[in-house]
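Accompanying notes for the structure given below.
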Amino acid sequence: MKNTLKIIFLGIIGFSALVYFTMPENFNKNFEQNRSLTIESIPKYFDIVGGNPYTKFEEIFKSNEEKFIIVLNHDALAVFKDLYTKTDKNIVLVANISNTPWLIKQIAVNGELEKMYKDSKISLINDSDGIFVRNLGVNDVKQNKYFVFKLKIDGTIEKVSDGYVKEAALTKGFTKEEFEKDMKVILENLK
């Protein structure tokens, strides 16, 4: 019995240490807020959740085409999964999971994103390394925050707005009224 408890205790310590040591650094501290964003700010290689892993940059970000880029932190992922039912705007979603420890991403997050967005008609980019958020200057990683950018026809990107969804929406869920309230605000930002 003592040996079993020792093994369990050491396993918990080992797992905790592995999670702690694979936790990413906060790389957004020194972002230059005044630099201009263009289509060149968008990474050329990325992973599409549930889609073709070999999707080319040009398939998602076509030249001379306006598009909204919405960066979603943790809780916003739950609310935005049904955005495709409310609008036909040209949108790409970016899942900002860069602050999640590597082990947790591999065990749970990637599979959960695929399940959550399997029916969505809007492309979801898995930003597990934080390249998108770093290049777009997103430096607020509050769990219930999202950021809306607009890629214009001339190739410039401007930040349209940011906002919050219900806190703990991913873990505790949300009511239809809370969803409709959040959607109303989100859709106003997509005009």
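Using the numbering used here, read the sequence shown as starting at 66 and increasing by one per residue.
Don't be surprised by glycine CBs; every beta carbon is placed ideally from N, CA and C.
What you are looking at is a predicted structure, and each value in this text was computed from that prediction instead of being measured.
Given residue i as reference, the closest of the options once Cα atoms are compared
i, options, result
"I251", "T240, A234 and G228", "G228"
"I156", "V174, V136, S163 and N164", "V136"
"T236", "E177, K217 and L201", "E177"
"G238", "N161, S81 and L142", "L142"
"H139", "G220, V206 and E253", "V206"
"A234", "K146, K183, L201 and G76", "K146"
Within 7 Å, strictly: CB atoms of residue i and residue j
i, j, result
"K109", "F122", "yes"
"K231", "E223", "no"
"D247", "V159", "no"
"V198", "S163", "yes"
"I218", "N161", "no"
"T103", "I113", "no"
"S106", "Y149", "no"
"L255", "K154", "yes"
Three-state secondary structure assigned by DSSP to residue i
i, result
"G76", "helix"
"G228", "strand"
"M66", "coil"
"S185", "coil"
"F126", "coil"
"K257", "The chain is shown only over 66 to 256; residue 257 falls outside these bounds and no answer can be derived."
"T103", "strand"
"V174", "helix"
"E179", "helix"
"K132", "strand"
"K217", "coil"
Start-to-end residues for the alpha helix (DSSP H) that takes in residue i
i, result
"F244", "K241 to N254"
"V198", "I196 to L201"
"L148", "Unbroken run through L148: none, as it is neither H nor E."
Closer than 7 Å to chain C by CB, residue i
i, result
"H139", "Although the question refers to chain C, the structure presented lacks it and comprises just one protein chain."
Three or more C-beta pairs below 8 Å linking the segment 177 to 194 and the segment 207 to 214 | no
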